[in-house]
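Novice:
2 protein chains.
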Amino acid sequence: MNSDKVKKGLVIVYTGEGKGKTSAALGGVLRAFGHGFKIKVFHFIKKDSGSGEQKVLRQLGIEVETLGKGFTWNSENIEDDIRLARNGWTKAANDILSGDYDLIVLDELNYVLDYAFLDSEMIIETLRKKPQNLHVIITGRGAPDNLVEFADLVTEMKMVKHPYHSMGLKAQKGVEY
Amino acid sequence: MNSDKVKKGLVIVYTGEGKGKTSAALGGVLRAFGHGFKIKVFHFIKKDSGSGEQKVLRQLGIEVETLGKGFTWNSENIEDDIRLARNGWTKAANDILSGDYDLIVLDELNYVLDYAFLDSEMIIETLRKKPQNLHVIITGRGAPDNLVEFADLVTEMKMVKHPYHSMGLKAQKGVEY
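If you read the sequences in order, they're chains A and B.
In this text, residue positions in the first sequence follow our numbering: the first is 1, and each later residue adds one.
In this text, residue positions in the second sequence follow our numbering: the first is 1, and each later residue adds one.
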């Protein structure tokens, strides 16, 4: 096994209905940060919200860019959602191709692809051209088949049990956001 | 909905064969840290290794305790493994019941339970007595049925695709450890 092969950056996809997709990406960020990786996190749906994760990522000096306006998919303004997603992708694609990063997280990108706000073939075309050592982590429900096919590592987070269902609880600060 | 109910600490289990269980727990830690939670992370199998995650957790001032000696389950010394697991659990149980923490991670505990190095009923008995607002995240393959039954939130990480299988790659620094 040669070192080029060992060092190849992976395209990792976390999908499925269960909790833990964004968390797993953030855990990957924490781990990579410990190794001195240069990291950028794009949130395709979230907006700047002072969430626990955004605070601590910035505190660590990790670049975070929020591209969305929250989970507002029954929005009356689909064109605005599409425009946001496309502008977001343009920024992400620039950073993916820049060679400036070791790890880029595309949080909730699957969601946007699933809604066809972006074309998954276009995303894959960019990923094909990414620097060899760059790792990319993509999260969100509904990862399209061609992205699953293209990725190196795919985990489906399967919901076995969720407290919103079993106990009627609201989202918990520090655990959910 | 009263505030006691909203603030109830959850018992979260990440299990299954897929990648992302420990990562999801670490992501939860990062998020909780951003909200100022007091956190402790126990690794039931890992030993101190200077891994990316251990480095950065300690850098953040988060308490990390490694209780294992690595993944050495075809060990010739099962009694030593059992002793380590039991000593580890004693420490973890003390911290769970102490009231000193908002989030405790029990990384790879399922693994140890699956090998019957610890009795899952005993673990559940302790979790029943935990402070109301304490969140506990338990990771590892093979979560026992009674723990799944007891937990508030359970996600199974299902392996869809893994590069060790599809490409014959070694574990990647910064992504896997």
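Cβ coordinates follow ideal geometry from the N, Cα and C atoms, glycine included.
Given the structure is predicted, the values throughout are model-derived calculations rather than measurements.
1. Around the C-beta of A/Asp80, are 16 or more other C-beta atoms found within 10 angstroms, so that it is buried, or is it exposed?
2. Could you tell me the alpha carbon to alpha carbon distance between A/His43 and B/Leu106, rounded to whole angstroms?
3. Starting from A/Phe33, trace the alpha helix (DSSP H) in both directions and tell me its first and last residue.
4. Please state the DSSP three-state secondary structure of A/Phe150.
5. If the cut is a Cβ gap below 7 Å, which residues of chain B does A/Met159 touch?
6. Which residues of chain A have a Cβ atom closer than 8 Å to the Cβ of B/Glu53, listed in chain order?
7. For the stretch 143–154 of chain B and the stretch 151–165 of chain A, state whether three or more C-beta atom pairs, one from each stretch, are separated by less than 8 Å.
8. Note down, in chain order, each residue of its chain lying with its Cβ closer than 8 Å to the Cβ of B/Leu60, except the 5 sequence neighbours on either side.
9. So with Cβ pairs under 9 Å, would you call B/Gly16 a contact of chain A?
10. What's the gap between the Cα of A/Gly15 and the Cα of B/Lys19?
11. Taking only the alpha-carbon atoms, compute the straight-line gap between B/Trp89 and A/Val64 and give it to the nearest angstrom.
12. With a threshold of 9 Å between beta carbons, is B/His162 in contact with chain A?
13. A/Ala116: buried (16+ other C-beta within 10 angstroms of its C-beta) or exposed?
14. State buried or exposed for B/Ser51, treating a residue as buried only when at least 16 other CB atoms are found within 10 Å of its CB.
15. Please go through the stretch 46–106 of chain B and give each complete beta strand (DSSP E) segment of 3 or more residues, from N-terminal end onward.
16. Output needed for B/Val6: all residues of its chain with C-beta closer than 8 Å, excluding positions within five of it in sequence on either side, in chain order.
17. Just the Cα atoms here: how many angstroms apart are B/Gly140 and A/Thr22?
18. I'd like the span of the alpha helix (DSSP H) that includes B/Tyr115, first residue to last.
19. Please confirm whether B/Val112 has its beta-carbon closer than 9 Å to some beta-carbon of chain A.
20. How big is the Cα-Cα spacing for B/Ser3 and B/Asn133?
21. In chain B, what lies closer than 8 Å to A/Val148 by C-beta?
22. Spatial neighbours of B/Glu121 within its chain, please: C-beta separation below 6 Å, excluding the five flanking residues on both sides.
23. Please report the straight-line C-alpha distance between A/Val11 and A/Ala93, rounded to a whole angstrom.
24. Should A/Gln59 be flagged as near chain B, meaning a C-beta pair shorter than 9 Å?
25. By alpha-carbon positions, which one of A/Lys8, A/Asp95 and A/Ile123 ends up nearest to A/Pro144?
26. In whole angstroms, what is the alpha-carbon distance linking A/Lys69 and A/Ile82?
27. Which word fits B/Ala85, buried or exposed, when buried means at least 16 other C-beta atoms lie within 10 angstroms of its C-beta?
28. Where DSSP assigns a beta bridge to A/Lys161, which residues make up the other side?
29. Locate the beta strand (DSSP E) running through B/Lys40, then write down its first and last residues.
30. What does the Cβ neighbour count give for A/Asn110, buried or exposed, with the cut at 16 atoms within 10 Å?
31. Given that B/Thr66 touches chain A, what residues does it touch there, using C-beta distances under 7 Å?
32. When you compare the CB positions of B/Leu30 and A/Leu26, do they come within less than 9 Å of one another, or not?
33. Classify B/Gly99 as buried or exposed, calling it buried when 16 or more other Cβ atoms lie within 10 Å of its own Cβ.
34. Using only the alpha-carbon positions, how far apart do B/Ile45 and B/Val112 sit?
35. Closer than 7 Å by beta-carbon distance: list the chain A residues that pair up with B/Lys19, in chain order.
Specialist: Reading off the structure:
1. Taking the first sequence and counting its residues from 1, one reaches residue 80 of chain A at position 80. That one is exposed.
2. Reading the first sequence from its first residue, position 43 is the one you call residue 43 of chain A. Reading the second sequence from its first residue, position 106 is the one you call residue 106 of chain B. Using only the alpha carbons, I get a separation of about 28 Å.
3. Counted from its first residue, the first sequence places residue 33 of chain A at position 33. It spans Lys21 to Gly34 - the alpha helix (DSSP H) in which A/Phe33 sits, taken as one unbroken run.
4. On the first sequence, residue 150 of chain A is found 150 positions in, with the first residue counted as 1. Of the three classes helix, strand and coil, the one that applies to A/Phe150 here is helix, per DSSP.
5. Counted from its first residue, the first sequence places residue 159 of chain A at position 159. Under a criterion of Cβ atoms nearer than 7 Å, the residues of chain B adjacent to A/Met159 are, in order, Thr155.
6. Taking the first residue of the second sequence as 1, we reach residue 53 of chain B at position 53. Under the 8 Å cutoff, chain A gives Gly27, Leu30, Arg31 and Gly34.
7. In short, these stretches touch, since the Cβ pair count reaches three.
8. Indexing the second sequence from 1 puts residue 60 of chain B at position 60. The residues are Phe33.
9. Within the second sequence, the letter at position 16 stands for residue 16 of chain B. Closer than 9 Å to some Cβ of chain A, the Cβ of B/Gly16 qualifies, so yes.
10. Taking the first residue of the first sequence as 1, we reach residue 15 of chain A at position 15. Taking the first residue of the second sequence as 1, we reach residue 19 of chain B at position 19. The residue you asked about is not Gly; residue 15 of chain A is Thr in the sequence shown. Rounded to whole angstroms, A/Thr15 to B/Lys19 spans 12 Å at the Cα level.
11. Here residue 89 of chain B is taken as the residue at index 89 of the second sequence, counted from 1. Here residue 64 of chain A is taken as the residue at index 64 of the first sequence, counted from 1. Spanning the two alpha carbons is a distance of roughly 37 Å.
12. Against the second sequence, residue 162 of chain B aligns to sequence position 162. At least one chain A Cβ lies under 9 Å of B/His162.
13. Counted from its first residue, the first sequence places residue 116 of chain A at position 116. Exposed, since its Cβ has fewer than 16 Cβ neighbours within 10 Å.
14. Residue numbering aside, residue 51 of chain B sits at position 51 when the second sequence is read from its first letter. With 16 or more other Cβ atoms within 10 Å, it is buried.
15. Correct list: 63–66.
16. Here residue 6 of chain B is taken as the residue at index 6 of the second sequence, counted from 1. Per-residue confidence for B/Val6 stands at a pLDDT of 45, beneath the threshold of 50, marking its modelled position as unreliable; the derived number appears in the next sentence. Cβ neighbours of B/Val6 beyond the five flanking positions: none.
17. As a first step, residue 140 of chain B is located in the second sequence; it is residue number 140 there, counting from the start. As a first step, residue 22 of chain A is located in the first sequence; it is residue number 22 there, counting from the start. Their backbone Cα atoms lie some 18 Å apart in a straight line.
18. Position 115 of the second sequence holds residue 115 of chain B. Note, B/Tyr115: premise wrong, no alpha helix (DSSP H); not H, not E.
19. The residue given as residue 112 of chain B occupies position 112 in the second sequence. No, no contact with chain A.
20. As a first step, residue 3 of chain B is located in the second sequence; it is residue number 3 there, counting from the start. As a first step, residue 133 of chain B is located in the second sequence; it is residue number 133 there, counting from the start. With a pLDDT of only 41 at B/Ser3, under the threshold of 50, the placement of this residue in the model should not be trusted, and no figure is reported.
21. By one-based count along the first sequence, residue 148 of chain A stands at place 148. Residues of chain B passing the Cβ test: Val160 and Lys161.
22. Within the second sequence, numbered from 1, the residue matching residue 121 of chain B stands at position 121. Here the set comprises nothing.
23. Residue 11 of chain A sits at position 11 when you count from the first residue of the first sequence. Residue 93 of chain A sits at position 93 when you count from the first residue of the first sequence. Near 14 Å, if we compare the C-alpha coordinates of A/Ala93 and A/Val11.
24. Translated into the one-based positions of the first sequence, residue 59 of chain A becomes position 59. At least one beta carbon of chain B lies nearer than 9 Å to the beta carbon of A/Gln59.
25. Here residue 144 of chain A corresponds to residue number 144 of the first sequence, with the count starting at 1. A/Pro144 has its Cα closest to that of A/Ile123, out of A/Lys8, A/Asp95 and A/Ile123.
26. As a first step, residue 69 of chain A must be located in the first sequence, where it is residue number 69. As a first step, residue 82 of chain A must be located in the first sequence, where it is residue number 82. Approximately 12 Å between the Cα atoms of the pair.
27. By one-based count along the second sequence, residue 85 of chain B stands at place 85. Result: buried.
28. On the first sequence, residue 161 of chain A is found 161 positions in, with the first residue counted as 1. DSSP, once it has assigned bridges, lists B/Val154 as partnering A/Lys161.
29. Numbered from its first residue, the second sequence carries residue 40 of chain B at position 40. Counting along the chain, the beta strand (DSSP E) containing B/Lys40 begins and ends at Ile39 to His43.
30. Residue 110 of chain A sits at position 110 when you count from the first residue of the first sequence. Classification of A/Asn110: buried, given that the 10 Å Cβ count is 16 or more.
31. Looking up residue 66 of chain B in the second sequence gives position 66. Under the 7 Å cutoff, chain A gives no residues; its nearest Cβ is about 15 Å from B/Thr66.
32. Along the second sequence, read from residue 1 onward, the residue named residue 30 of chain B stands at position 30. Along the first sequence, read from residue 1 onward, the residue named residue 26 of chain A stands at position 26. The answer is yes: Cβ separation under 9 Å.
33. As a first step, residue 99 of chain B must be located in the second sequence, where it is residue number 99. Burial call: exposed.
34. As a first step, residue 45 of chain B is located in the second sequence; it is residue number 45 there, counting from the start. As a first step, residue 112 of chain B is located in the second sequence; it is residue number 112 there, counting from the start. Spanning the two alpha carbons is a distance of roughly 8 Å.
35. For the purposes of this step, residue 19 of chain B is taken as residue 19 along the second sequence, with counting starting at 1. Neighbours of B/Lys19 on chain A, chain order: Leu153 and Thr155.
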